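Visitor: First the structure, then my questions, so here it is.
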């Protein structure tokens with residue numbers, strides 16, 4: 001046999017083994033798709049949980065800051081900030097030196 005004849009000859013193919021291998025690979029691919037969907041679902045659930053946690057933290061921080069501002073007589077975060085001024089310091093302009 002010449003070298004070119006050796007290159008052109010093909011070995012017999014076990015079609016049953018190939019079909020078995022293809023079916024096995026398709027099963028593994030399906031399992032990967034299922035795992036991928038589970039991972040994506042877990043990611044979405046984690047994202048939702050983190051967003052909910054962030055909203056709760058923001059609400060808690062705002063509440064705490066409002067409490068601090070009330071103690072300092074500043075006003076809440078949601079109101080328009082007006083400086084705290086008492087009008088009863090001076091009865092008349094003369095008392096205040098005006």
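Residue numbers (the UniProt record's numbering): 1 to 98. Here a beta-carbon is modelled for each residue, glycine too, at the ideal position from N, C-alpha and C. These figures come from a predicted structure and were not determined experimentally.
Quick check: the Cα distance between residue 56 and residue 43, rounded to an integer number of angstroms?
Guide: About 20 Å.
Visitor: For the alpha helix (DSSP H) containing residue 99, list its first residue and its last residue.
Guide: This structure does not reach residue 99, given that the chain is present from 1 up to 98, and the question cannot be answered.
Visitor: So the alpha helix (DSSP H) residue 23 belongs to, where does it begin and stop?
Guide: 15–71 is the span of the alpha helix (DSSP H), which, as asked, contains residue 23.
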